[in-house]
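**Q**
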Amino acid sequence: MAAAQDSPLYLGFDFSTQQLKVVVIDGDLNVVHQDNVQFDSELPEFRTLGGVHVHADRLTVTSPVLMWVKALDLLLDKMKRAGLVFSRVRALSGSGQQHGSVFWRRGASETLQHLDPNQDLHQLLQVCAFSVSSGPVWMDSSSSRQCDELQAAAGGAVRLAEITGSRAYERFTGNQISKLRQTRPQDFQNTERISLVSSFAASLFLGGYAAIDYSDGSGMNLLDIRTRTWSGICLEATAPHLDRLLGAPVPSTSVLGPVSSYFVQRYGFSEGCRVVAFTGDNPASLAGMRLQPGDIAVSLGTSDTVFLWIQQPRPALEGHVFCNPLDWQAFMALLCFKNGSLTRERIRNKSTGGSWELFSVALRDTPLGNNGHMGFYFDSVEITPPAVGVHLFDPEDNKVSETPQVEVRALVEGQFLSRRLHAERLGYSIIPGTRVMATGGASSNKDILQVLSDVFNAPVYSIDLCSSACLGSAYRALHGILLDTLICLINNVQTNRQFVLTVQL
Ligand SMILES: Nc1ncnc2c1ncn2[C@@H]1O[C@H](COP(=O)(O)OP(=O)(O)O)[C@@H](O)[C@H]1O
Ligand SMILES: O=C(CO)[C@@H](O)[C@H](O)COP(=O)(O)O
Numbered sequence: 001m002a003a004a005q006d007s008p009l010y011l012g013f014d015f016s017t018q019q020l021k022v023v024v025i026d027g028d029l030n031v032v033h034q035d036n037v038q039f040d041s042e043l044p045e046f047r048t049l050g051g052v053h054v055h056a057d058r059l060t061v062t063s064p065v066l067m068w069v070k071a072l073d074l075l076l077d078k079m080k081r082a083g084l085v086f087s088r089v090r091a092l093s094g095s096g097q098q099h100g101s102v103f104w105r106r107g108a109s110e111t112l113q114h115l116d117p118n119q120d121l122h123q124l125l126q127v128c129a130f131s132v133s134s135g136p137v138w139m140d141s142s143s144s145r146q147c148d149e150l151q152a153a154a155g156g157a158v159r160l161a162e163i164t165g166s167r168a169y170e171r172f173t174g175n176q177i178s179k180l181r182q183t184r185p186q187d188f189q190n191t192e193r194i195s196l197v198s199s200f201a202a203s204l205f206l207g208g209y210a211a212i213d214y215s216d217g218s219g220m221n222l223l224d225i226r227t228r229t230w231s232g233i234c235l236e237a238t239a240p241h242l243d244r245l246l247g248a249p250v251p252s253t254s255v256l257g258p259v260s261s262y263f264v265q266r267y268g269f270s271e272g273c274r275v276v277a278f279t280g281d282n283p284a285s286l287a288g289m290r291l292q293p294g295d296i297a298v299s300l301g302t303s304d305t306v307f308l309w310i311q312q313p314r315p316a317l318e319g320h321v322f323c324n325p326l327d328w329q330a331f332m333a334l335l336c337f338k339n340g341s342l343t344r345e346r347i348r349n350k351s352t353g354g355s356w357e358l359f360s361v362a363l364r365d366t367p368l369g370n371n372g373h374m375g376f377y378f379d380s381v382e383i384t385p386p387a388v389g390v391h392l393f394d395p396e397d398n399k400v401s402e403t404p405q406v407e408v409r410a411l412v413e414g415q416f417l418s419r420r421l422h423a424e425r426l427g428y429s430i431i432p433g434t435r436v437m438a439t440g441g442a443s444s445n446k447d448i449l450q451v452l453s454d455v456f457n458a459p460v461y462s463i464d465l466c467s468s469a470c471l472g473s474a475y476r477a478l479h480g481i482l483l484d485t486l487i488c489l490i491n492n493v494q495t496n497r498q499f500v501l502t503v504q505l
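Numbering (UniProt numbering), first residue to last: 1 to 505.
As structure tokens, this is what we get:
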């Protein structure tokens, strides 16, 4: 049943690689509105391809910070035009592509606190809010030197993984901070605060710097995932006084504060609307998919990721362990594959004239196993495994340069075999009852999901909305508010309780 016209609403945003999305839910978890802004097509002035700029070295990959700010202006205007009554919003939360960093210039805190509601955020922040106008994102693999330095300082890759949940990875924020400090010292000097994409987005809503949450903070090679505090060894190896630039990390369910007066005056948000900590898009998806023990999630967004809810961390040299965004005592394991949707798009353009429909036909017209044709497609330096290049094999295992008729299946089967193989190496086993939960843009394609099901030998479930990260963020907004109310109640009961002396020694 639809909720009353004035019942509370909860917003979930996702600042992902190619777009900004929002989902609005009511208190019964019904989705009442969704919208998005595509970076490439709706903000062409930033000249991104897939939301990013790939630099000449092919290793450095950045995104303009103001593009994300302008996308938020545009999205909120779209929501207003669609008739969304912002005064009903009780809480909001969100997520961001993981690992990307935003460097706020000295004085930006002051700017954030005094935003003029008559102007766009983009106008207000364009002049001097950021010391780095285009920050590194998760696709960047240019910080190998800094990774080696961090591992040496921490006592090796295994030790670093034990502390932070991952060996050193180029895209992880700590190594990107190190690179900026070494290569652009002046910009680093001008920096007042460093945010992740998630905490940057939360800062816009708060009108002040938002804390980094434990879960997204686990993707930096800086957080001790067991104590949930910054690791002294890692901070020291990265930059002096880094804790001041990062602020203290907080539980992912934290209520950070009220939405800033800018949003109250410009869009009519209620002064009581609360901002719940933003997190990474994969942790938010974990919440959105409501994973059960034994489930495995496969996200087919710009990146492909495989992740699961785990109770005990067992960090390895491959893959990542993050703090869990819902249960502070639990964790999540994640594998990330860089050559996901963009590689599927390249083969779609090459083999089926740019049509997903014909891509699907090619999958339907070829048999499981592809008569022995096999492909490994690493268009750009892969994360899992660290490999590059396209490697094709015929049924006799000869390396060939082309597999034209069967290329679509060679690609998709190869991708999913790799997802399964690496998940099993992490210790995950497919057992009777295993459910594969699919999400992300490509999960709308049933023929791709059929291959996923065949390769994992398990049923695949998807949700009727592509962005589980947005949905999870809206759930998290509601969850955060409920937890906060509960904690306040418990505190009140404890303060008001009258103790009576009942037994004397
Ligand atoms: N019908 C389809 N078949 C296969 N892939 C699709 C289809 N529709 C969209 N996609 C893929 O979804 C990708 C975007 O996924 P999405 O999860 O929205 O990205 P992100 O959240 O990383 O910005 C696109 O790059 C596109 O290749
Ligand atoms: O690097 C990772 C996870 O470690 C990526 O999964 C990013 O979080 C980008 O997400 P999408 O935009 O592809 O959803």
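Idealized CB from N, CA, C, for every residue including glycine.
Could you check the C-alpha separation between Ile-490 and Leu-286 for me, to the nearest Å?
**A** Residue mapping note: residue 490 aligns to position 490 of the sequence shown, counting from 1. Residue mapping note: residue 286 aligns to position 286 of the sequence shown, counting from 1. The straight-line gap from Cα to Cα measures roughly 28 angstroms.
**Q** Only counting the same chain, and skipping five residues up and downstream in sequence, which positions put a Cβ closer than 6 angstroms to that of Ala-2?
**A** If you number the sequence shown from 1, residue 2 lands on position 2. Interpretation of Ala-2 is limited by its pLDDT of 48, a score under 50 that renders its predicted location unreliable; no figure is taken from the coordinates.
**Q** With a 10 Å radius around its C-beta and 16 neighbouring C-beta atoms as the bar for buried, classify Gly-94 as buried or exposed.
**A** Here residue 94 refers to the residue found at position 94 when the sequence shown is read from its first residue. With 16 or more Cβ atoms within 10 Å of its Cβ, Gly-94 is classed as buried.
**Q** I need the straight-line Cα distance from Gln-98 to His-320, nearest angstrom please.
**A** On the sequence shown, residue 98 is found 98 positions in, with the first residue counted as 1. On the sequence shown, residue 320 is found 320 positions in, with the first residue counted as 1. Near 12 angstroms, if we compare the C-alpha coordinates of His-320 and Gln-98.
**Q** Quick check on the DSSP output: the alpha helix (DSSP H) that includes Leu-373 runs from which residue to which?
**A** Counting from one through the sequence shown, the residue named residue 373 turns up at place 373. Looking at the sequence shown, residue 373 is not Leu but His. First-last for His-373: undefined, no H or E at that position.
**Q** Given Ser-7, which residues of its chain have a CB within under 8 angstroms of its CB, disregarding the five upstream and five downstream residues?
**A** The residue you call residue 7 lines up with position 7 of the sequence shown. The residues are Asp-26, Gly-27, Arg-88.
**Q** Shorter than 6 angstroms, the distance from the beta carbon of residue 511 to the closest heavy atom of ligand 2, or not?
**A** Only positions 1 to 505 of the chain appear in this structure, which leaves residue 511 out of reach.
**Q** With contact counted as at least three CB pairs below 8 angstroms, one residue from each stretch, are the region 280-299 and the region 458-477 in contact?
**A** yes
**Q** Flag Trp-138 as yes when its Cβ comes closer than 6 angstroms to any non-hydrogen atom of ligand 1, and as no otherwise.
**A** Numbered from its first residue, the sequence shown carries residue 138 at position 138. No, ligand 1 has no heavy atom inside 6 angstroms of this Cβ.
**Q** Taking the alpha carbon of Met-67 as the reference point, which residue from Arg-81, Asp-57, Gly-51, Ser-270 has its own alpha carbon closest?
**A** For the purposes of this step, residue 67 is taken as the residue at position 67 of the sequence shown. Ranking the options by Cα distance to Met-67, first place goes to Gly-51.
**Q** Which of helix, strand or coil does DSSP assign to Asp-14?
**A** On the sequence shown, residue 14 is found 14 positions in, with the first residue counted as 1. Strand.
**Q** Decide if the region 306-321 is in contact with the region 161-169; the criterion is three or more beta carbon pairs, one per stretch, under 8 angstroms apart.
**A** yes
**Q** Who are Asp-447's beta bridge partners in DSSP?
**A** Along the sequence shown, read from residue 1 onward, the residue named residue 447 stands at position 447. BP columns for Asp-447 are empty, so no partner.
**Q** Under 7 angstroms between the Cβ atoms of Ala-248 and Glu-192?
**A** The count along the sequence shown starts at 1 and reaches residue 248 at position 248. The count along the sequence shown starts at 1 and reaches residue 192 at position 192. No, the Cβ-Cβ distance between Ala-248 and Glu-192 is not below 7 angstroms.
**Q** Would you mind stating whether Ala-410 and Val-298 have Cβ atoms separated by less than 7 angstroms?
**A** As a position in the sequence shown, residue 410 is number 410, starting the count at 1. As a position in the sequence shown, residue 298 is number 298, starting the count at 1. Their beta carbons are not under 7 angstroms apart, which means Ala-410 does not touch Val-298 by this criterion.
**Q** Just reading off the beta strand (DSSP E) that Thr-62 is part of, what are its end residues?
**A** One-based indexing of the sequence shown puts residue 62 at position 62. That run of the beta strand (DSSP E) goes 61-64.
**Q** By DSSP, does Pro-385 sit in helix, in strand, or in coil?
**A** One-based indexing of the sequence shown puts residue 385 at position 385. Looking at Pro-385 - three-state DSSP - the assignment turns out to be coil, as it is neither helix nor strand.
**Q** Going by beta carbon distance, what residues of the same chain come within less than 8 angstroms of Gly-480, once the five residues before and after it are set aside?
**A** Stepping through the sequence shown from its first residue, residue 480 is reached at position 480. Excluding residues within five positions, the ones whose Cβ falls inside 8 angstroms are Ala-91, Ser-93, Thr-253, Ser-254, Val-255, Arg-274, Val-276, Ala-277.
**Q** May I ask you to report which of helix, strand or coil DSSP gives Val-85?
**A** As a position in the sequence shown, residue 85 is number 85, starting the count at 1. DSSP places Val-85 in coil when its eight states are reduced to three.
**Q** By how many angstroms is the C-alpha of Ser-198 removed from the C-alpha of Thr-279?
**A** Locating residue 279 in the sequence shown gives position 279, counting from the first residue. Locating residue 198 in the sequence shown gives position 198, counting from the first residue. For the pair Thr-279 and Ser-198, the Cα-to-Cα distance works out to about 5 angstroms.
**Q** Enumerated in chain order, which unbroken segments of the alpha helix (DSSP H) with a length of 4 residues or greater are wholly contained in the region 185-217?
**A** Note on the region 185-217: whole alpha helix (DSSP H) runs with a minimum of 4 residues are 185-189, 197-206, 214-217, in chain order.
**Q** With a threshold of 6 angstroms on Cβ separation, who are the neighbours of Thr-119 within its own chain once the five nearest residues in sequence on each side are excluded?
**A** If you number the sequence shown from 1, residue 119 lands on position 119. Here residue 119 is Gln; the residue named in the question, Thr, does not match the sequence. Within the same chain, Gln-119 has no close Cβ partners at all.
**Q** May I have the straight-line CA-CA distance separating Cys-336 from Val-306, to the nearest angstrom?
**A** By 1-based counting over the sequence shown, the position of residue 336 is 336. By 1-based counting over the sequence shown, the position of residue 306 is 306. Rounded to the nearest whole angstrom, the CA to CA distance from Cys-336 to Val-306 is 7 angstroms.
**Q** Out of curiosity, what's the CA-to-CA distance linking Phe-13 and Ala-362?
**A** Locating residue 13 in the sequence shown gives position 13, counting from the first residue. Locating residue 362 in the sequence shown gives position 362, counting from the first residue. Answer to the nearest angstrom: the Cα atoms are 35 angstroms apart.
**Q** DSSP on Pro-44, reduced to helix/strand/coil?
**A** Taking the sequence shown and counting its residues from 1, one reaches residue 44 at position 44. The answer is helix: DSSP assigns Pro-44 an H, G or I state.
**Q** Is it the case that the CB of Asp-192 approaches a heavy atom of ligand 1 more closely than 6 angstroms?
**A** Within the sequence shown, numbered from 1, the residue matching residue 192 stands at position 192. According to the sequence shown, residue 192 is Glu rather than Asp. No - ligand 1 has no heavy atom lying nearer than 6 angstroms to the Cβ of Glu-192.
**Q** Within the same chain, show all residues whose beta-carbon is closer than 8 angstroms to that of Phe-130, passing over the 5 residues directly before and after it, in chain order.
**A** In the sequence shown, residue 130 corresponds to position 130, counting from 1. Excluding positions up to five away in sequence, the list reads Val-65, Leu-66, Val-102, Phe-103, Trp-104, Arg-105, Ala-108.
**Q** Please report the Cβ distance between Leu-235 and Asp-224, rounded to the nearest whole angstrom; I am assuming they are in contact, meaning their Cβ atoms lie under 8 angstroms.
**A** Residue mapping note: residue 235 aligns to position 235 of the sequence shown, counting from 1. Residue mapping note: residue 224 aligns to position 224 of the sequence shown, counting from 1. Their Cβ separation, rounded to whole angstroms, is 10 angstroms, which puts Leu-235 and Asp-224 out of contact at 8 angstroms.
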